[in-house]
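The structure under discussion appears below in the form of structure tokens.
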């Protein structure tokens, strides 16, 4: 086998591992998913998994990075930017994106919140979740800056409470959680004008 084929196979195996871990961890959490299950479902050898991810924590950290790219930037940030023309509209559009997300049959809530609560804020994976949640707040703070709102960082912290609260409410079964949060978000924008 040529070096190019080996690299392609290694890349494909790593991709299968990450895709499998993404589905399993997002749906069931970290502790409920064993490495052997990831290996079996991704159809790789144990040595292959450990070559790419030397520990379960390393795999979880890669999952969180993947989640940030797919969810934070690929869905929430990009789609709300597409749906709004002004920074304020883009802020409010976050809740429209959430509404659509909450209605999907496989809505799994926020992996960063779930994993943080599961593993705790002092565990390396919990620390990573806190960092990823801060990145979401930075998206909000930047939009607040562009909208000319005062104290964008404080605004983003309050806004993020609405985001996280709507996710939890949706997980409880409140199908209108995003719309309720959007209404409160409009009042928050007025308060920070």
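In my numbering, the protein residues as written are 3 to 195. C-beta atoms are modelled at their ideal positions from N, C-alpha and C, and glycine is treated no differently. What you are looking at is a predicted structure, and each value in this text was computed from that prediction instead of being measured.
Straight-line gap, residue i to residue j (C-alpha atoms, nearest Å)
i: residue 168; j: residue 127; result: 23 Å
i: residue 180; j: residue 61; result: 31 Å
i: residue 108; j: residue 155; result: 32 Å
i: residue 189; j: residue 177; result: 21 Å
i: residue 73; j: residue 150; result: 26 Å
i: residue 95; j: residue 82; result: 5 Å
i: residue 124; j: residue 116; result: 15 Å
i: residue 19; j: residue 75; result: 21 Å
i: residue 86; j: residue 97; result: 11 Å
i: residue 194; j: residue 23; result: 40 Å
i: residue 58; j: residue 186; result: 40 Å
i: residue 183; j: residue 158; result: 14 Å
i: residue 2; j: residue 91; result: This structure does not reach residue 2, given that the chain is present from 3 up to 195, and the question cannot be answered.
i: residue 55; j: residue 84; result: 35 Å
i: residue 37; j: residue 44; result: 10 Å
i: residue 29; j: residue 118; result: 15 Å
i: residue 40; j: residue 148; result: 43 Å
Contact set for residue i: own chain, Cβ-Cβ below 6 Å, skip 5 residues either direction
i: residue 50; result: 15
i: residue 162; result: 139
i: residue 68; result: 20, 24
i: residue 13; result: none
7 Å Cβ shell around residue i - same chain, five flanking residues per side excluded
i: residue 135; result: 114
i: residue 204; result: Within the shown structure, residues of the chain are numbered from 3 to 195, placing residue 204 beyond reach of any answer.
i: residue 35; result: 26, 27
i: residue 137; result: 70, 74
Cβ distance (whole Å) where residue i is taken to contact residue j below 8 Å
i: residue 173; j: residue 111; result: 4 Å
i: residue 145; j: residue 89; result: 5 Å
i: residue 93; j: residue 142; result: 7 Å
Identity of the residue in the options nearest residue i by Cα
i: residue 165; options: 99, 133, 130, 153; result: 99
i: residue 160; options: 132, 191, 17; result: 191
i: residue 133; options: 52, 70, 183; result: 70
i: residue 105; options: 182, 187, 175; result: 175
i: residue 64; options: 195, 17, 170; result: 17
i: residue 103; options: 186, 170, 21, 54; result: 170
i: residue 66; options: 80, 101, 131; result: 131
Neighbourhood of residue i by C-beta, 8 Å cutoff - its chain only, sequence neighbours within 5 removed
i: residue 79; result: 141
Q: At 4 residues or longer, and completely inside the segment 32-77: list those alpha helix (DSSP H) runs for me, N to C.
A: 37-44, 48-54, 58-69
Q. What runs of the alpha helix (DSSP H), each 4 residues or longer, lie entirely inside the segment 86-128?
A. Runs of the alpha helix (DSSP H) inside the segment 86-128: 89-104, 113-121.
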